[in-house]
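Take a look at the structure below.
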Amino acid sequence: MEKLNIYTFGKITLFLDVINKREDGYHNVKILLHNVDFWDFMQISLLPYPHFILESNLPIPSEENLVYKAYKKFIEITGEKVGAKVFLFKKIPTQAGLGGGSSNAAGTIWGLNLLTNLNLPLRDMAKIGETLGSDIPFFFYGGSAIAEGKGEIIKKITHQNFKFILIFPPYGISTKEIYSKIKKEDLNIHIDFENILLNFERGILLEPYNFFEYIVFKRYPELKKIKESISPITYVALTGTGSTMFVVIKNDSEIKEIIKKLEEYLEKGYKIKLVKSSPFGIKILKIKGVF
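In case it helps, full-length UniProt numbering puts the sequence shown at residues 1 to 291.
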């Protein structure tokens, strides 16, 4: 039985602005997305239709998981009559703003595409993913990209390499809840994206911007205090709607100082992880060979 090993990488938002509210109730956004080398691992193989098995290192309800939803959507849209067995090893926290569930969904679609020999192009796989979530299409392209529309319109840009320290609070934050807190007057002021993008493409990372920080920091003032404690040293920002924050490493010589300060400041239950940029959103290996 052929099996695929799939690594699904997390992402951070180096720029996130909410432009306006759409007639369909969603919001138009502009986001600079960037993969980091923090991943979940999946192993997937085919089963006779319609059997589906999902096993994980964490207790997750099969039918509520994006892996299962991605499988169902794949067979619905493509018409392929296949079952699947998926083992999911989760490292990326849920409701963390890192896109862990979305990258799992993308990995499932891509894996099924290969195992069924459909050979759908990236844009078609991304279209399947888009039906499940606006942030899923990015992971098919990976690296660095600009996301617009609801987040589903992806423009690849030259990937750059940086280092970050991720800060994980001992809780998650609901994206739906944070979006519900947006007020009409909040959408009147916008930050210059072009200057941030121009510098990024030159390998220079200016201070990240996240529209949602003011909303999240009101609800979770401890996250604001973390940012204030590290800001004198380097840039700190929320990724997505949280709960994860990331610290930009400008020079390797700063790493020990920043980690020491974080370990002294953070309360019990918080975790940190040093990561670097990843050129991949999804990486797939055969048991014997590489795609």
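Quick reminder that beta carbons are idealized off the backbone N, C-alpha and C, glycines included.
How big is the Cα-Cα spacing for residue i and residue j?
i: Ser253; j: Leu122; result: 39 Å
i: Asp124; j: Ile153; result: 13 Å
i: Gly281; j: Trp39; result: 9 Å
i: Asn210; j: Val18; result: 9 Å
i: Asp186; j: Phe212; result: 10 Å
i: Asn199; j: Leu206; result: 7 Å
Can you list, in chain order, the residues of its chain with a C-beta nearer than 6 Å to that of residue i? Leave out the 5 residues immediately preceding and following it.
i: Lys227; result: Val236
i: Asn188; result: none
i: Val290; result: For Val290, the pLDDT reaches just 43, beneath the cut-off of 50, and the residue's location in the model is therefore unreliable, leaving the point undetermined.
i: Glu148; result: Lys30
I'd like the span of the alpha helix (DSSP H) that includes residue i, first residue to last.
i: Tyr214; result: Glu213 to Arg219
i: Asp124; result: Leu122 to Glu130
i: Leu187; result: Careful: Leu187 lies outside any alpha helix (DSSP H) and carries neither H nor E.
Can you list, in chain order, the residues of its chain whose CB lies under 7 Å from that of residue i, leaving out five sequence neighbours each side?
i: Leu132; result: Leu66, Lys69, Ala70, Lys73 and Ala105
i: Ile157; result: Ser144, Ala145, Ile146 and Glu201
i: Phe52; result: Tyr68, Tyr71, Gly83 and Ala84
Starting from the Cα of residue i, find the closest Cα among the options and give me that residue.
i: Thr78; options: Thr175, Glu222, Gly129 and Glu2; result: Gly129
i: Ser45; options: Phe162, Lys271, Ile178 and Ile6; result: Ile6
i: Leu142; options: Leu205, Leu33, Glu55 and Tyr220; result: With the sequence shown as reference, residue 142 is identified as Gly, and Leu is not the correct amino acid for it. Of Leu205, Leu33, Glu55 and Tyr220, the residue nearest in Cα terms is Leu33.
i: Ile182; options: Phe138, Tyr214 and Lys163; result: Tyr214
i: Phe9; options: Lys271, Leu54, Leu98 and Leu88; result: Leu98
i: Glu64; options: Phe139, Ser102 and Asn28; result: Ser102
i: Tyr171; options: Asp37, Lys81, Ile196 and Thr241; result: Thr241
i: Phe193; options: Phe15, Gly25 and Ile255; result: Phe15
Could you check how far apart the C-beta atoms of residue i and residue j are, in whole angstroms? I think they sit under 8 Å.
i: Asn161; j: Lys11; result: No, Asn161 and Lys11 are not in contact; Cβ-Cβ is about 15 Å, not under 8 Å.
i: Ile92; j: Gly100; result: 3 Å
i: Ile165; j: Phe246; result: 7 Å
i: Tyr265; j: Ser229; result: 5 Å
Taking the beta strand (DSSP E) that residue i falls in, what are its first and last residues?
i: Glu55; result: Phe52 to Ser56
i: Lys69; result: Premise fails: Lys69 lies in the alpha helix (DSSP H), Leu66 to Thr78, not in any beta strand (DSSP E).
i: Glu148; result: Ser144 to Glu148
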